[in-house]
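Heads up: the structure comes next, in structure tokens.
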Amino acid sequence: MNFKLTATVAAAALCVVTLAANATELRLSHQWSDKDVRHQVAQMIADDVAAANVDLDIKIFPT
Numbered sequence: 004m005n006f007k008l009t010a011t012v013a014a015a016a017l018c019v020v021t022l023a024a025n026a027t028e029l030r031l032s033h034q035w036s037d038k039d040v041r042h043q044v045a046q047m048i049a050d051d052v053a054a055a056n057v058d059l060d061i062k063i064f065p066t
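Sequential numbering of the sequence shown, starting at 4, is according to this note's numbering.
What follows is the structure, encoded as structure tokens:
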């Protein structure tokens with residue numbers, strides 16, 4: 004029984020490590036130019052998220 008418990012804990016820890024290693028990527032597409040204030044605000048948010056180091060990457064795709 005002790006082996007089963009150890010194996011279960013090891014498997015759970017491996018799952019947590021695997022989930023923590025995956026960064027999430029968000030894609031933001033819009034119809035405004037990169038000079039538009041809405042694009043600039045989106046870029047500021049993406050920069051703030053990148054600076055926060057929270058394993059989240061926001062990619063912006065303007066027209």
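For glycine and all other residues, C-beta sits at the position ideal for the given N, C-alpha and C.
Cβ shell of residue 31 (< 8 Å), same chain only, five flanking positions each side left out: Numbered from its first residue, the sequence shown carries residue 31 at position 28. So the list reads 45, 49, 61, 62, 63 and 64, once near-sequence residues are dropped.
Three-way DSSP call (helix, strand, coil) for residue 60 in this model: The count along the sequence shown starts at 1 and reaches residue 60 at position 57. The answer is strand: DSSP assigns residue 60 an E or B state.
One or two residues paired with residue 32 in a DSSP bridge: As a working note, residue 32 is residue 29 in the sequence shown. Note: residue 32 sits in a beta bridge opposite 64.
Cβ of residue 53 within 8 Å of any chain D Cβ: No chain D is present in this structure, which holds just one protein chain.
Spatial distance of residue 47 from residue 57 (CA atoms): Stepping through the sequence shown from its first residue, residue 47 is reached at position 44. Stepping through the sequence shown from its first residue, residue 57 is reached at position 54. Approximately 16 Å between the Cα atoms of the pair.
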